[in-house]
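To convert, count from 1 in the sequence shown and add 1025; that's the working numbering.
Glycine included, every Cβ here is placed at the ideal spot set by N, Cα and C.
Source: prediction; values computed, not measured.
See below for the structure under consideration.
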Amino acid sequence: MKDHQIQVRVRYSETDQMGVVYHGNYIPYFEIGRVEWLRNKGISYKSMEESGIGLPIVNMNINYKKSAVYDELLTVHTVFKSQTSVKIEFDCAIYNEAKELLTTAQFMLVFVSLKTGRPTAPPDYILELLKTFE
(Lines of atoms letter the chains of each structure in order from A and count residues from 1; the text may use other names and numbers.)
(Lines give C-alpha, C1' and ligand atoms only; values in the text may rest on other atoms or scores of the structure.)
Protein backbone atom coordinates (compact mmCIF):
# COMPACT_ATOMS: atom_id res chain seq x y z
CA MET A 1 0.00 0.00 0.00
CA LYS A 2 1.23 3.46 -0.91
CA ASP A 3 -0.32 5.05 2.15
CA HIS A 4 -0.29 4.78 5.91
CA GLN A 5 -2.22 6.40 8.75
CA ILE A 6 -1.24 6.97 12.36
CA GLN A 7 -2.94 8.83 15.17
CA VAL A 8 -1.28 11.46 17.34
CA ARG A 9 -2.83 13.25 20.31
CA VAL A 10 -2.15 16.98 20.64
CA ARG A 11 -0.17 17.67 23.80
CA TYR A 12 -0.57 20.82 25.87
CA SER A 13 3.03 21.89 25.17
CA GLU A 14 2.27 21.98 21.41
CA THR A 15 -0.39 24.67 21.78
CA ASP A 16 -0.51 28.40 22.38
CA GLN A 17 -2.51 30.20 25.10
CA MET A 18 -5.71 29.65 23.12
CA GLY A 19 -5.20 25.88 23.02
CA VAL A 20 -4.44 25.95 19.27
CA VAL A 21 -1.51 23.96 17.86
CA TYR A 22 1.41 26.25 17.02
CA HIS A 23 2.05 26.10 13.25
CA GLY A 24 5.61 24.78 13.61
CA ASN A 25 4.39 21.75 15.55
CA TYR A 26 2.71 20.26 12.49
CA ILE A 27 6.15 19.41 11.05
CA PRO A 28 6.90 16.80 13.77
CA TYR A 29 3.43 15.28 13.21
CA PHE A 30 4.28 14.85 9.54
CA GLU A 31 7.68 13.39 10.49
CA ILE A 32 5.95 10.81 12.68
CA GLY A 33 3.80 9.95 9.67
CA ARG A 34 6.80 9.47 7.34
CA VAL A 35 8.83 7.44 9.84
CA GLU A 36 5.86 5.22 10.60
CA TRP A 37 5.13 4.86 6.85
CA LEU A 38 8.65 3.41 6.49
CA ARG A 39 8.28 1.23 9.59
CA ASN A 40 4.95 -0.10 8.31
CA LYS A 41 6.77 -1.15 5.12
CA GLY A 42 9.46 -2.98 7.12
CA ILE A 43 12.10 -0.23 6.99
CA SER A 44 13.62 1.06 10.20
CA TYR A 45 14.79 4.66 9.91
CA LYS A 46 17.26 3.92 12.68
CA SER A 47 18.71 0.92 10.82
CA MET A 48 18.91 2.95 7.63
CA GLU A 49 20.94 5.62 9.45
CA GLU A 50 23.12 2.97 11.12
CA SER A 51 23.93 1.66 7.62
CA GLY A 52 25.09 5.16 6.63
CA ILE A 53 22.03 6.54 4.81
CA GLY A 54 20.16 9.68 5.87
CA LEU A 55 16.97 11.14 4.45
CA PRO A 56 16.81 14.92 5.05
CA ILE A 57 13.98 17.14 3.84
CA VAL A 58 15.04 19.42 0.98
CA ASN A 59 11.64 20.94 0.23
CA MET A 60 8.29 21.15 2.00
CA ASN A 61 5.05 22.92 1.30
CA ILE A 62 2.41 23.14 4.03
CA ASN A 63 -1.14 24.43 3.63
CA TYR A 64 -3.01 25.19 6.86
CA LYS A 65 -6.79 24.93 6.49
CA LYS A 66 -8.15 24.64 10.03
CA SER A 67 -6.59 24.62 13.51
CA ALA A 68 -5.94 21.54 15.61
CA VAL A 69 -6.58 22.01 19.33
CA TYR A 70 -5.34 20.65 22.64
CA ASP A 71 -6.14 16.99 23.41
CA GLU A 72 -7.56 16.37 19.94
CA LEU A 73 -6.76 13.00 18.37
CA LEU A 74 -5.29 13.67 14.93
CA THR A 75 -4.90 11.25 12.05
CA VAL A 76 -1.74 11.75 10.00
CA HIS A 77 -2.16 10.32 6.50
CA THR A 78 1.07 9.75 4.54
CA VAL A 79 1.09 8.75 0.86
CA PHE A 80 4.12 7.84 -1.25
CA LYS A 81 4.03 10.07 -4.33
CA SER A 82 7.17 9.36 -6.35
CA GLN A 83 10.85 8.43 -6.32
CA THR A 84 13.57 9.50 -8.75
CA SER A 85 17.29 8.66 -8.53
CA VAL A 86 18.05 10.17 -5.08
CA LYS A 87 14.72 11.85 -4.21
CA ILE A 88 11.53 10.58 -2.64
CA GLU A 89 8.28 12.55 -2.34
CA PHE A 90 5.28 12.22 -0.04
CA ASP A 91 1.86 13.84 0.08
CA CYS A 92 0.52 14.17 3.61
CA ALA A 93 -2.64 15.32 5.35
CA ILE A 94 -3.83 15.73 8.92
CA TYR A 95 -7.47 15.20 9.93
CA ASN A 96 -9.20 15.82 13.25
CA GLU A 97 -11.55 13.44 15.07
CA ALA A 98 -14.50 14.75 13.04
CA LYS A 99 -12.56 13.74 9.89
CA GLU A 100 -12.16 17.40 8.89
CA LEU A 101 -9.06 18.17 6.83
CA LEU A 102 -6.79 20.44 8.89
CA THR A 103 -3.50 20.57 7.03
CA THR A 104 -1.93 19.26 3.83
CA ALA A 105 1.75 19.03 2.98
CA GLN A 106 4.15 17.85 0.33
CA PHE A 107 7.66 16.75 1.27
CA MET A 108 10.69 16.05 -0.89
CA LEU A 109 13.56 14.19 0.77
CA VAL A 110 16.95 13.16 -0.58
CA PHE A 111 18.90 10.02 0.25
CA VAL A 112 22.37 11.07 1.43
CA SER A 113 25.50 9.29 2.53
CA LEU A 114 26.07 10.17 6.18
CA LYS A 115 29.78 9.64 5.57
CA THR A 116 30.13 12.18 2.75
CA GLY A 117 26.98 14.29 3.13
CA ARG A 118 26.37 13.87 -0.61
CA PRO A 119 23.26 12.55 -2.36
CA THR A 120 23.31 8.82 -3.00
CA ALA A 121 21.09 6.17 -4.56
CA PRO A 122 18.59 4.58 -2.18
CA PRO A 123 19.56 1.20 -0.76
CA ASP A 124 18.41 -1.77 -2.87
CA TYR A 125 15.85 -2.87 -0.25
CA ILE A 126 14.14 0.52 -0.52
CA LEU A 127 14.22 0.46 -4.33
CA GLU A 128 12.61 -3.01 -4.26
CA LEU A 129 9.86 -1.71 -1.99
CA LEU A 130 9.19 1.35 -4.12
CA LYS A 131 8.96 -0.75 -7.30
CA THR A 132 5.88 -2.42 -5.81
CA PHE A 133 4.07 0.94 -5.98
CA GLU A 134 4.60 1.51 -9.72
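Using a Cβ-Cβ cutoff of less than 8 Å, which residues in the same chain neighbour residue i once the five nearest sequence positions on both sides are dropped?
i            : result
residue 1145 : 1078, 1111, 1136, 1137 and 1138
residue 1047 : 1039, 1040 and 1041
Spatial neighbours of residue i within its chain, please: CB distance less than 7 Å, with the 5 preceding and 5 following residues excluded, ordered by chain position.
i            : result
residue 1065 : 1029
residue 1194 : With the chain running from 1026 to 1159 in the structure shown, residue 1194 is simply not present.
residue 1106 : 1114, 1115 and 1116
Determine the DSSP secondary structure at residue i, reduced to helix, strand or coil.
i            : result
residue 1053 : helix
residue 1213 : Nothing in the structure corresponds to residue 1213, since the chain is present only between 1026 and 1159.
residue 1047 : coil
residue 1114 : strand
residue 1124 : coil
residue 1089 : strand
residue 1154 : helix
To the nearest angstrom, how far is it from the Cα of residue i to the Cα of residue j?
i            : j            : result
residue 1033 : residue 1149 : 31 Å
residue 1122 : residue 1070 : 28 Å
residue 1108 : residue 1155 : 8 Å
residue 1073 : residue 1143 : 16 Å
residue 1080 : residue 1114 : 11 Å
residue 1063 : residue 1130 : 17 Å
residue 1076 : residue 1067 : 15 Å
residue 1052 : residue 1124 : 20 Å
Thinking C-beta only, is residue j closer than 8 Å to residue i?
i            : j            : result
residue 1098 : residue 1119 : no
residue 1031 : residue 1057 : yes
residue 1059 : residue 1103 : yes
residue 1117 : residue 1094 : no
residue 1045 : residue 1096 : no
Using DSSP bridges, identify the partner residues of residue i.
i            : result
residue 1035 : Looking at the DSSP assignment, residue 1035 forms no beta bridge with any residue, so it has no partner.
residue 1133 : 1084 and 1114
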